[in-house]
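One structure below.
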Amino acid sequence: GNPVLFAAAGGTGKGMLLCAVIARVVLGLPFPNEDQALRRDPGRAVYIAGTEDDPFEDLAPRLRAAIASAVEEFGLDPSLAEESGAICYVHDLSEWKDGSPFEIPGDMGRLLTEVGKLNTLPGPDVALVVVDPLADLLGKNDHITSVRSARVVMRALKDFARKADIALAIIHHLTKDGRVSGSPAVVDALRLAHMVERKIGRASCRERV
C-alpha cells in the first residue's frame, strides 16, 4: 500500500535488481534476510517501462534469466522456468492497446482498473507493480522539478498503491553529484527509499529513509 523508491546512477543494474525481485514474487520465494525456507503464495507482477529498455529485447530476457536463476537456486520444478511457467505471471503495461505510452500521473486510475482485471484471471492476484524509470514515464506536461509538481505526481502514485493495496516499486535516477533527481519532494513523499550501488560486480541496496 506504499510506494518505495529505488534510485541509482545509470548502468548500475537497478532494472536487473527489480527483475530479481519480480522472480521472488512470481515464485513465492523469500527475500534476502528472511528465512530461506519460507514460501509464500505466488503473486502477479506488472512491469511498466519507459523508452530506456525495450520490453521484448531487454526486459523479457532479464526476467526469464532471473526466474531461471531463482528456480535453480531453490531447487524448484524446472518447468517453472519455461515459457508456460512463472513468466506468465508477469504483465507488460508499458503501452496501451492503441499504442499510446503509459503516462504518470494521468494513467494511474486506468492502471488501477487494469490491475482489477488481472485479478479476475485464474491464478494469483497482482502483488507488485514496477515503474521504470519515473522521469521517463511522466506525461508531456508533467514534471518533478518543482515541489508542487512533484507532489502531484507522488500523490497519484501513493493513491494508486493504497487503493490497489499492493507493492509499488519506483525506479529513479540519481544526478551526477549523487542526489535523487528532481525536487526533494519526490523523496519527502515516501516512507522508504533505497539508493542502489554497484559493489564488486553486483548491485546492493543501502536503505535511506
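Mapping of the sequence shown onto the numbering used here: position 121 corresponds to residue 121, and the numbering continues sequentially without gaps.
Note that beta-carbon positions come from the ideal geometry of N, C-alpha and C, so glycine has one too.
| query | result |
| --- | --- |
| Between the CA atoms of A156 and G85 - distance to the nearest angstrom | 33 Å |
| Coil, strand or helix - E114 by DSSP | helix |
| 8 Å Cβ cutoff met for L128 and I22 | yes |
| At least three beta-carbon pairs within less than 8 Å, the segment 177–196 to the segment 143–163 | yes |
| Exposure of P61, with buried meaning 16 or more beta-carbon neighbours within 10 Å | exposed |
| Residues that V130 bridges to, as DSSP identifies them | Y47 and A169 |
| Whole-angstrom distance between R44 and P124, CA atom to CA atom | 6 Å |
| Option in R148, Q36 and I67 with minimal Cα separation from V90 | I67 |
| The segment 71–88 / the segment 149–167 touching (three or more Cβ pairs under 8 Å) | no |
| Top-ranked residue by Cα proximity to K14, from P133, E95 and D159 | P133 |
| Option nearest V46 by Cα separation, candidates V25, G106, V153 and V180 | V25 |
| R198 - DSSP class collapsed to helix/strand/coil | strand |
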